[in-house]
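What follows is a single structure, written as structure tokens, with notes after it.
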Amino acid sequence: MDSIEFQTRAMALVQDGSLGYDQKLRQLATLATEAIPYPKISAECREALDKRVICDMFEGHAPYAPRYVLPNYEKAIQNGLQYLELPAPTDLDDALSFLQIMYTHVPSVTTYPVYLGDLDKVLAPFVTDAISDDELDIKLRRFWIGIDRMLPDAFVHVDLGPHDSRITRSIFRVERSLRQAVPNITLKVDPDITPDSLIEDGVRTVFETGKPHFVNHPMMVRDHGEGYASVSCYNSLKIGGGAHTLVRLNLKEAALRHTGSADDFLATTLPHFAELTAELTEARIRSLVEEQQFFNTHWLAAEGLVDINLFSAMFGIYGLAECVNLLMAYEGHEEARYGHDAAANALSIRITERIAEIVANRPMPYCAGGNDRCYLHSQSGIDLDDNVTAGTRIPVGDEPPMLEHIATCAPHHHLFPSGVSDIFHVDETAVRNPDAMVDIIRGAFVSGMRDFTFNLDSNEFVRITGYLVRKSDLAAIADHGASRHTSDHLAAGSENAYHLTQRAVKRVGCREQNPR
Amino acid sequence: MNRIPVNQVTTGLVADVINFSTVDGPGNRFVVFMQGCNFDCVACHNPQTIPGHAPVEGHHPVRVEIDDLVAQIRRAAPFIRGITVSGGEATQQPAFLHALFTAIKADPDLSRLTCFVDSNGACNQATWDYFAPVMDGAMLDLKCFDSTIHKAMTGHSNEQVLASIAHLQKIGLLYEVRLLLLAGTNDDPALLCKTAEWFAGLDPNMRLKIIGFRSHGARPQTPPLIEPTSEALHVAADLFNTVARFTIQVV
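Shown next, in the form of structure tokens:
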């Protein structure tokens, strides 16, 4: 970027009437890092990046904080924080205040914390029998309003479960009464531990607010151990760790650069672009760890609340649907579509299994959290994506009925330890029968789904890729150009491109940062 | 292993099948819609299932093998709480229904699924007793407690329907009763009160579903049938609740 372009973009930002002061400040910071030279990569990698065959998610040129940071809040609350001069809290009010302060000091790529803790566990020591449910609701409600107003970004994420808890029940009540976009919520579900009544409480909360999303706890524990959380939108990572970066490979673009058979794609073209993705990932990790020295300088690391050994990086893929359809066409099967054709579905599995194999064979520095490998991730899109389907999803509007939809998607899920994002759509008759959704969620997990999210037709809330926006906020941006939620602006960009609110299934890519 | 005696019927005439339904009984259910009905209701939303009515484009009743149906149910099984046989009128093909339920109950992978019947109630007690060993519950429609109005609405009197409700209640297999209300036809407060008193005599906690007629999908009638307002449905529900503590859902 030359200085003229820098000035033009900076000027456009400071004069953008649709952005609040804080939003301008944060976007200017991102712009500034784009004026710094990019980490050293090969010419071939550079070209793939410029052509967006691979994509760095516009994280900036010099990463100075990991993309996703999952502080160990339980440890923080036990030990207190030296850096913030906060002693360990002794009661619930102290604990909520402690967390609220701490949150504002936790970095991430969004500039807001993407993980607020497994709050049922973090707060458990303070919620004694002396506190009634009504008192708990009042305190959590106040805390919840604070989160939405001070951290106005729908990637901010709370985890709950798999055990039942008064805190979880209270949070669901508060959620239903407040109907805020922030925070995003995950309910961890263990079929043997989580009672139907808690899943049902979650389902009823989804009907009101589009949250929580449900994750397959035993599957996550197999991949990460007990100390994991789902953060931002559908990113499952280790608590006390996180992801240094996320680089994603556009499988559609890779297929467009391929000639020949599907076998040949798996043998040559795919490994080629996967290695360029890995090269870019490695360069960005080294920049963060070795050049910017995050882990040697940040207080979370100094106080043992994050540990570099619990970090890895995310190897994202998207555009599987288009990739499959292109390869099927190259082989003379123009009509065979992912999600509708057995041969196309079988090819899709061969592709993701091949990618998993490549990632498992590519050592990555500073990724001890993933056994020195990246975590494979089915990436759910950003708002600039055009005519390419998120992750391993079936294209919007082309989804088969739910049973076939699950049967197509589920076989991929075990390959993606850091998350998959399929969204299922239900009509409003389900509202009168939340048990039916409990049945479907349980079935989805038996079928090997890693996580399950559904959108309700008539809901005010629309889940974009994992984060939520209110339709009324989108309408407000269209009408007056302003919203206090950063993520709403991302969604508005997507809405213009994808018309998500008019779609049978409501979803679009998200703009994780503010690309030009 | 104890072999459950099976009848010889291996196929049924089926109008349609859906893998997932949230509106045909408890939880998520696999639903089989049987072809054929012994009523001819003015408010029917699936008149193509009634013999003698004009076929609907794209609607082709098919003779389905029970084995094939069980295979379809097996695929949906992880996601469902049970199956419901609806219609048309499910009880018009009793041997098929019995054989299907028997096959479900005899299959170790499927035996946890509950087997429900959605019926107009126009069948005899012997048929219910025939189903009873393999059926987990029945959902019955009562079009009207007044037999004259019932006949005008369905073409038949309601004695058998009332007897079915009472009998299923007695043998513990009545899951719920559905009341389809048409404004000005079967929603007279005094009539509803009498209905409620009769229900209360059977079971004061009976599970009731009050459903407002919706003209979409039904055949045009002269004079036209009238949709009740949402408010009227809730007034009806309140009226039922003054009689007994029913469990009422308004749809």
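Line order of the protein sequences matches chains A and B. Under my numbering, the residues of the first sequence are numbered 1 to 516, in order. Under my numbering, the residues of the second sequence are numbered 1001 to 1251, in order. Beta carbons: idealized from backbone N, C-alpha and C, even for Gly.
Here's a check: name, in chain order, each residue in its chain whose Cβ is nearer than 6 Å to the Cβ of residue i, leaving out the five neighbours to either side.
i: L119/A; result: V158
i: H1045/B; result: G1217 and A1218
i: Q180/A; result: D148
i: K188/A; result: G161, P162, V215 and H217
i: L246/A; result: M57, R67, M314 and G316
i: A343/A; result: A336
How about residue i: is its C-beta nearer than 8 Å to some C-beta of chain B?
i: S3/A; result: no
i: R432/A; result: yes
i: V505/A; result: With a pLDDT of 26 at V505/A, under the threshold of 50, the modelled position of this residue cannot be trusted; read the value that follows with caution. No, V505/A does not count as interfacial toward chain B.
i: I440/A; result: yes
Output the boundary residues of the alpha helix (DSSP H) element that contains residue i.
i: R169/A; result: R166 to L178
i: Q100/A; result: L92 to Y103
i: R284/A; result: L270 to R286
i: F1101/B; result: P1094 to A1106
i: I41/A; result: Per DSSP, I41/A belongs to no alpha helix (DSSP H) and is neither H nor E.
i: D1016/B; result: Run containing D1016/B: none in the alpha helix (DSSP H); it sits in the beta strand (DSSP E), T1011 to S1021.
i: Y1130/B; result: Q1125 to F1131
i: V438/A; result: P434 to V446
i: Q15/A; result: Q15/A -> no alpha helix (DSSP H), and no H or E assigned at all.
i: C409/A; result: M402 to H413
i: D120/A; result: L119 to L123
i: R222/A; result: H217 to H224
i: N79/A; result: Y73 to N79
What would DSSP say about residue i, mapped onto helix, strand or coil?
i: A1236/B; result: helix
i: G952/B; result: For chain B, the structure presents residues 1001 to 1251; residue 952/B sits outside this window and is missing.
i: D451/A; result: strand
i: N361/A; result: coil
i: T33/A; result: helix
i: M483/A; result: Rather than Met, the amino acid found at residue 483/A in this sequence is Ser. S483/A: coil per DSSP, three-state reduction.
i: A1077/B; result: helix
i: A130/A; result: coil
i: A497/A; result: Low local confidence applies: a pLDDT of 45 at A497/A is under 50, so the model's placement there is unreliable, with the coordinate-based value given in what follows. Here A497/A sits in helix by DSSP.
i: V469/A; result: strand
i: V109/A; result: coil
i: S1157/B; result: coil
i: Q292/A; result: coil
i: C1193/B; result: helix
i: D137/A; result: helix
Report the neighbours of residue i on chain B: residues whose CB is nearer than 7 Å to its CB, in chain order.
i: M402/A; result: F1020
Mind pulling the chain B residues with CB within less than 9 Å of residue i?
i: T408/A; result: None at all; the shortest Cβ gap to chain B is about 13 Å.
i: S447/A; result: P1078 and F1079
i: G443/A; result: N1028, A1076, A1077, P1078, F1079 and I1080
For a contact meaning CB atoms closer than 7 Å, what does residue i contact in chain A?
i: A1076/B; result: L403
Can you check whether the C-beta of residue i is within less than 8 Å of a C-beta belonging to chain A?
i: I1073/B; result: no
i: Q1048/B; result: no
i: V1014/B; result: no
i: V1031/B; result: no
For residue i, which residues of its own chain have a beta-carbon under 7 Å away from its beta-carbon, when the five flanking residues on both sides are left out?
i: H105/A; result: L84
i: K211/A; result: E175, N184, I185, T205 and L468
i: A95/A; result: I77, P89, L123 and F126
i: G227/A; result: K238, I239 and G240
Could you check where the beta strand (DSSP E) with residue i kicks off and where it finishes?
i: M57/A; result: Counting along the chain, M57/A falls outside any beta strand (DSSP E), and DSSP gives it neither H nor E.
i: G202/A; result: It is not in any beta strand (DSSP E) - G202/A instead sits in the alpha helix (DSSP H) that spans D196 to T209.
i: V228/A; result: The displayed chain sequence assigns Tyr, not Val, to residue 228/A. It spans Y228 to V231 - the beta strand (DSSP E) in which Y228/A sits, taken as one unbroken run.
i: N325/A; result: Looking at the DSSP string, N325/A is not in any beta strand (DSSP E); the run it does join, the alpha helix (DSSP H), is L320 to Y330.
i: H157/A; result: H157 to L160
i: L86/A; result: Here L86/A belongs to no beta strand (DSSP E), and DSSP marks it neither H nor E.
i: A522/A; result: In the structure displayed, chain A extends from 1 to 516; residue 522/A sits before or after that span and is not available.
Find the residues of chain B that neighbour residue i, judging by a C-beta separation of less than 8 Å, and give them in chain order.
i: D435/A; result: P1026, G1027, N1028 and R1081
i: G339/A; result: Neighbours of G339/A on chain B: none; closest Cβ ~16 Å, over 8 Å.
In chain A, which residues lie less than 8 Å from residue i when you measure between Cβ atoms?
i: V1023/B; result: T429, R432 and N433
i: V1251/B; result: R432
In its own chain, which residues sit with a C-beta less than 8 Å from the C-beta of residue i, not counting the 5 before and 5 after it?
i: C374/A; result: A278, T281, S312, A313, M314, F315, V359, R362, M364 and C367
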